[in-house]
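Novice:
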Amino acid sequence: MKNMKMIIALVLVAVVGAAVAGGAVWYMSKGKDEPAAEADGKAAKKPAKKEEKKDDKSPPKYLTVDKVVIMLKRQPGDTLSHYMSADLVITTTEKKEKEAKEQLPLLRSVAVRTLSNLPMATAQVMTIDQFAAELNKAFDATYEHEGREKPFNEVMIGKLIIE
């Protein structure tokens, strides 16, 4: 009788575990489809950027913005401060490498301003790609506002720690 109860318990645990795993896979795959279905204006801009990259035959250069430390936005009722540390990597061309290096302090400032607006609850559930997309959007807006051309193609996340 004890063995029968043990078998039933193990089967139930396996079924519940499979259901949870299936739900997690569904939830994670659901999030990837939504950004692709956004406004047509954004979709039209992306192929143009890729065409620009293809015209440049030189290999990309990677520059790092090390240890950007950000205090995350506090929510009402939070008793602890939460921090994020990120190492950013920017891709640029050999021609624009010097200009990109000169603008690293601006990149750090924009990254801090953008990421410090995130509350802990939001930051914990975001993916690396979502962080990079937020940063790229902020950099695009900053350079567009200043009327200058970005000296880099995109920003990637090299390391991310949230506490």
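Taken in order, the sequence shown gives residues -21 to -1, 1 to 142; the numbers are from mature numbering (1 follows the signal peptide of the UniProt record, and there is no 0). Beta carbons: idealized from backbone N, C-alpha and C, even for Gly. Please read all numbers here as calculations on a predicted model, not as lab measurements.
(1) Pick helix, strand or coil for Glu31, following the three-state DSSP scheme.
(2) Using only alpha-carbon positions, find the residue among Ala65, Val44, Ala111, Glu123 that is nearest to residue 144.
(3) Looking at C-beta atoms only, is the number of pairs between the segment 41 to 60 and the segment 96 to 107 that lie closer than 8 Å three or more?
(4) What would DSSP say about Ser64, mapped onto helix, strand or coil?
(5) Taking the alpha carbon of Ala117 as the reference point, which residue from Gly126, Ala102, Thr93 has its own alpha carbon closest?
(6) What are the residues that DSSP puts in a beta bridge with Met135?
(7) What's the gap between the Cα of Asp119 and the Cα of Ala79?
(8) Can you tell me which of the three DSSP states Asp57 falls into?
(9) Looking at the strands, I want to know which residues DSSP matches up with Pro98.
(10) Check whether the Cβ atoms of Thr70 and Met135 sit closer than 9 Å, and answer yes or no.
Specialist: Taking the structure as given:
(1) In the sequence shown, residue 31 corresponds to position 52, counting from 1. Note that Glu31 has pLDDT 49, beneath the 50 cutoff, so the model's placement of it is unreliable and the number below is only indicative. In the structure shown, Glu31 sits in a helix (DSSP, three-state: H, G or I).
(2) This structure does not reach residue 144, given that the chain is present from -21 up to 142, and the question cannot be answered.
(3) yes
(4) Residue 64 sits at position 85 when you count from the first residue of the sequence shown. When DSSP states are grouped into helix, strand and coil, Ser64 belongs to the strand group.
(5) Counting from one through the sequence shown, the residue named residue 117 turns up at place 138. That would be Thr93, whose Cα lies nearest to the Cα of Ala117.
(6) Start at 1 with the first residue of the sequence shown, and residue 135 comes out as number 156. Paired residues: Val68.
(7) Locating residue 119 in the sequence shown gives position 140, counting from the first residue. Locating residue 79 in the sequence shown gives position 100, counting from the first residue. C-alpha separation (whole angstroms): 14 Å.
(8) Counting from 1 along the sequence shown, the entry for residue 57 is found at position 78. Asp57: coil per DSSP, three-state reduction.
(9) As a working mapping, residue 98 is identified with position 119 in the sequence shown. For Pro98, DSSP records a beta bridge to Lys52.
(10) The residue labelled residue 70 in the question sits at position 91 within the sequence shown. The residue labelled residue 135 in the question sits at position 156 within the sequence shown. In contact: Thr70 and Met135 (Cβ atoms closer than 9 Å).
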